[in-house]
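Asker: Each residue of the sequence shown is one higher than the one before, counting from 15 in my numbering. First the structure, then my questions, so here it is.
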Amino acid sequence: MYSAAAAAASPPRRDFISVTLSPEEAVGAGGYNNSKAWRRRSCWRKWKQLSRLQRSVILFLFAFLAVCGVISYTSMGEPWKSLTNKSLDDQRAEPEIPGLKLANPAVLPAPQKADANLGDYPELSPQKPPKLPHVRRGPSNLQIKPPRRDARLKTRHDTSRAVEEPVQADKEEKTEKSVISWRGAVIEPDQSTEPPSSKIKEPEKPSSVEAEDQKEPVPINERQMAVIEAFRHAWKGYKDFAWGHDELKPLSKSYSEWFGLGLTLIDALDTMWILGLKEEFEEARKWVANELVFDKNVDVNLFESTIRILGGLLSTYHLSGDSLFLEKAKDIGNRLMPAFKTPSKIPYSDVNIGRGTAHPPRWTSDSTVAEVTSIQLEFRELSRLTGDEKFQKAVDEVMKHVHTLSGKNDGLVPMFINTNSGQFTHLGVYTLGARADSYYEYLLKQWIQGGKKENELLEDYMRAIEGVKKHLLQRSQPKRLTFVGELAHGHFSAKMDHLVCFLPGTLALGAHNGLTADHMKLAEALIETCYQMYAQVETGLSPEIVHFNLHAQKGHKDVEIKPADRHNLLRPETVESLFYMYRFTGDKKYQDWGWEILQNFNKYTRVPTGGYTSINNVQNPSNPEPRDKMESFFLGETLKYMFLLFSDDIDLINLDKFVFNTEAHPLPIWVPA
């Protein structure tokens, strides 16, 4: 590189320009021979021929340019030097997680440490709505920065609620079977890079964000600290009594198995990363590296293993940049592919990942519509990362087929589809609850994931929302809450699953991405209803299913609960929608509502020895009847959305760069080529 010192030591160099005005003059001067003496005489002659005014103007311009050059050098030199030094310092200070190799320099820091004294989780005074900056449309590059600092909490546990002691964060470290189960509910049987459609690119790795996109993280606040403490309490129970198993049974201090693949651990990986829990993350990573084996003779549900395991591994790969998680994702993705070997290409519900065989449930050849249409985000992303188009091709064929089917009602789909014929079955029943819910969610999210190019997906989504407005929306009494009911052979039912509370967030996400403003208005009405499903109940926790009163009755609330429906499974859907609503509106009431829900989880579901439990009776505060089960989605979804809800950092999982799968695992929005 040519240095300034070398330039100063070298002899001065003079350049000259020859100007020839006419051929006659050149001839009269004896011709042009390009000698130095000739050039000097020619230039001097032309200079003397200029008028005094012309010479003055030229000299003034040269002097002006020289002054500008000096000013520019002095103003730019020091910032450039400091920027260079800062870049070198940042590279030296980049944290590492022992044993975890990052594919690229990380970009989005996990939350900063923050001191907190939570006491008994007192109510926090409302703050001013955050000034949410204008967000550039379109995704940027992906990789997220590993946590720079720990927020290490020293906690002591009470039987009903957590008590937070004063915390001093550590210094920054330089270490880097006769039933169908639907999202944990038991249902009796009767649930950008150019899209690699034809040409697949080479496998991609998470890439660093441009320097201007790197911002200092917003310090975490007391409510986020409370979420971290709740997660650590839940994780303690899982680690002590269910390590490596699917789900914790906190009361009996044991575990239950569904697939035998460590569902809770995998579901919680990206939550730990986002919360900045480096030690817990590293411990879980070691288990994935050394203990997670998919080559076993076990039947898994295609949908649940896709959204929890495949989605969790892909998300963690993007956040951490660790190729271990991508390799595991490719392994499970390949083992799930036999499910698509059906006459209609509509996948079977169950796959034996060791034998490479697939089959429908024993009692039917049907699959649920939501299950076969809510695996697309994950398989499409797996194709993009691996360069193998078979994953996306399989799930895209499902969506194209469903797009053409008859049996819909103004965009609303039945709950079942036959894997042999490829046709809807059990026609005439329409719901946004179990067995159909995430079909509508993934219509919008696939459209967003693919860069808003796949118009069939948007068309089906918009038509479905109009169908909801036309057939399923009603108002309750006495508060006139807007709710989404069900339609069975032309008869309306005022029944609404808690699962339906995903809809306000989905509507808000669509409005944020340029869809009609009416969707945001409907989202605001529905999230109020979902909150009331908590607020009007004795424990402040929502039941699994509610029925709304359509006629005013003295002494009756809007919400009625039947004995069979009054259980709570620690579900995330309402908190999920609160997160979207706060992120897009900045209205602090959504944070306050979420804070109430977290307090009630701590009061009625927290187990002193570690973990949280689902309960059987949300109407009995004195005895909510714990069920002795902590679903994996409590760590994978509920607490993750809680933490994001309480954050004022719009870049903490930026919704213009990531789209969440239905298990709250963020996947990148594809950058247009």
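Where is the CB? At the ideal position from N, CA and C, for every residue including glycine. Computed from a predicted model, the values in this text were never measured in an experiment.
Taking residue 713 as part of the alpha helix (DSSP H), name the residues at either end of that continuous run.
Answerer: Outside the displayed span of the chain (15 to 687) sits residue 713, for which this structure offers no information.
Asker: Using 10 angstroms around the beta-carbon of residue 572, count the other beta-carbons present and answer buried if the total reaches 16, otherwise exposed.
Answerer: buried
Asker: Hey, quick one: how far does the beta strand (DSSP E) through residue 510 stretch, first residue to last?
Answerer: Unbroken beta strand (DSSP E) run through residue 510: 509 to 511.
Asker: Taking all protein chains shown into account, do 16 or more other C-beta atoms lie within 10 angstroms of the C-beta of residue 417, making it buried, or fewer, making it exposed?
Answerer: exposed
Asker: Does DSSP classify residue 122 as helix, strand or coil?
Answerer: Confidence in residue 122 is poor, its pLDDT being 40 and thus under 50, which makes the residue's placement too unreliable to answer from.
Asker: Tell me, please, whether the segment 641 to 649 touches the segment 610 to 629 by the rule of three or more beta-carbon pairs shorter than 8 Å.
Answerer: Yes: the two stretches touch, three or more of their Cβ pairs being nearer than 8 Å.
Asker: With a cut-off of 8 Å, do at least 3 Cβ pairs link the segment 270 to 290 to the segment 240 to 251?
Answerer: The segment 270 to 290, when compared against the segment 240 to 251, does touch it at the 8 Å Cβ threshold.
Asker: Restricting to runs no shorter than 4 residues, where is the alpha helix (DSSP H) found entirely within the segment 432 to 492?
Answerer: DSSP runs (the alpha helix (DSSP H)) wholly in the segment 432 to 492: 451 to 463, 469 to 485.
Asker: Classify residue 72: buried if its beta carbon has 16 or more other beta carbons within 10 angstroms, exposed otherwise.
Answerer: Exposed, since its Cβ has fewer than 16 Cβ neighbours within 10 Å.
Asker: Whose CA, out of 466, 361, 502, lies closest to the CA of residue 529?
Answerer: 466
Asker: Since residue 263 is in the beta strand (DSSP E), which residue starts that stretch and which ends it?
Answerer: 261 to 263
Asker: Helix, strand or coil for residue 533? Go by DSSP, reduced to three states.
Answerer: Of the three classes helix, strand and coil, the one that applies to residue 533 here is helix, per DSSP.
Asker: Residue 677: buried (16+ other C-beta within 10 angstroms of its C-beta) or exposed?
Answerer: buried
Asker: Residue 334 by DSSP, collapsed to three states: which one?
Answerer: Residue 334: helix per DSSP, three-state reduction.
Asker: Give me the DSSP bridge partner(s) of residue 559.
Answerer: 511
Asker: Bridge partners for residue 501 per DSSP, in chain order?
Answerer: 444, 506
Asker: From the beta carbon of residue 532, is the nearest beta carbon of chain B less than 9 Å away?
Answerer: Chain labels in this structure do not include chain B; a single protein chain is all it has.
Asker: Report the rounded CA-to-CA distance for residue 618 versus residue 318, giving the unit in angstroms.
Answerer: Rounded to whole angstroms, the separation of the alpha carbons of residue 318 and residue 618 is 27 Å.
Asker: Would you kindly report the start and end of the unbroken beta strand (DSSP E) that includes residue 365?
Answerer: Segment 364 to 366, the beta strand (DSSP E) holding residue 365.
Asker: To the nearest angstrom, report how far apart residue 273 and residue 532 are at their CA atoms.
Answerer: 42 Å
Asker: May I have the straight-line CA-CA distance separating residue 693 from residue 483, to the nearest angstrom?
Answerer: In this structure the chain extends from 15 to 687, so residue 693 is not present and cannot be described.
Asker: Give the range of the alpha helix (DSSP H) segment to which residue 700 is assigned.
Answerer: With the chain represented from 15 up to 687, any question about residue 700 goes unanswered, as that position is not in the structure.
Asker: Measuring straight from C-alpha to C-alpha, what distance separates residue 152 and residue 521?
Answerer: In this prediction, residue 152 has a pLDDT of 33, which is less than 50 and means its spatial position is unreliable; nothing more can be read from the coordinates.
Asker: Near residue 294, which residues of its chain fall below 7 Å by C-beta distance, leaving aside the five closest residues on each side in sequence?
Answerer: 249, 286
Asker: Note the first and the last residue of the continuous alpha helix (DSSP H) segment covering residue 631.
Answerer: Run containing residue 631: none; DSSP gives neither H nor E here.
Asker: Can you tell me where the beta strand (DSSP E) holding residue 681 begins and where it ends?
Answerer: Looking at the DSSP string, the run of the beta strand (DSSP E) that includes residue 681 is 680 to 682.
Asker: Would you call the segment 666 to 677 and the segment 252 to 263 touching, i.e. three or more CB-CB distances under 8 Å?
Answerer: no
Asker: Quick check: the segment 376 to 391 against the segment 410 to 424, are at least 3 beta-carbon pairs closer than 8 Å?
Answerer: yes
Asker: Inspect the beta-carbon positions of residue 505 and residue 424 and report whether they are closer than 9 Å.
Answerer: The Cβ atoms of residue 505 and residue 424 lie no closer than 9 Å to each other.
Asker: Taking just the CA atoms, how far does residue 668 sit from residue 340?
Answerer: 22 Å
Asker: Under 9 Å, do residue 610 and residue 549 count as touching if we go by C-beta distance?
Answerer: Yes, these two residues count as a Cβ contact at 9 Å.
Asker: For residue 574, which of helix, strand or coil comes out of DSSP?
Answerer: Annotated three-state conformation of residue 574 is strand, per DSSP.
Asker: Between 362, 397, 406, which lies nearest to residue 432 when the distance is taken from Cα to Cα?
Answerer: 362
Asker: Can you list, in chain order, the residues of its chain with a C-beta nearer than 7 Å to that of residue 657? Leave out the 5 residues immediately preceding and following it.
Answerer: Taken in chain order, the residues that qualify are 238, 241, 288, 289.
Asker: Output the residue ranges of the beta strand (DSSP E) runs that lie fully inside the segment 300 to 380 and measure 3 residues or longer, sorted by chain position.
Answerer: Segments of the beta strand (DSSP E) lying fully in the segment 300 to 380: 313 to 315, 364 to 366, 371 to 373.
Asker: Which of the three DSSP states, helix, strand or coil, is assigned to residue 646?
Answerer: The three-state reading of DSSP puts residue 646 in helix, counting H, G and I together.
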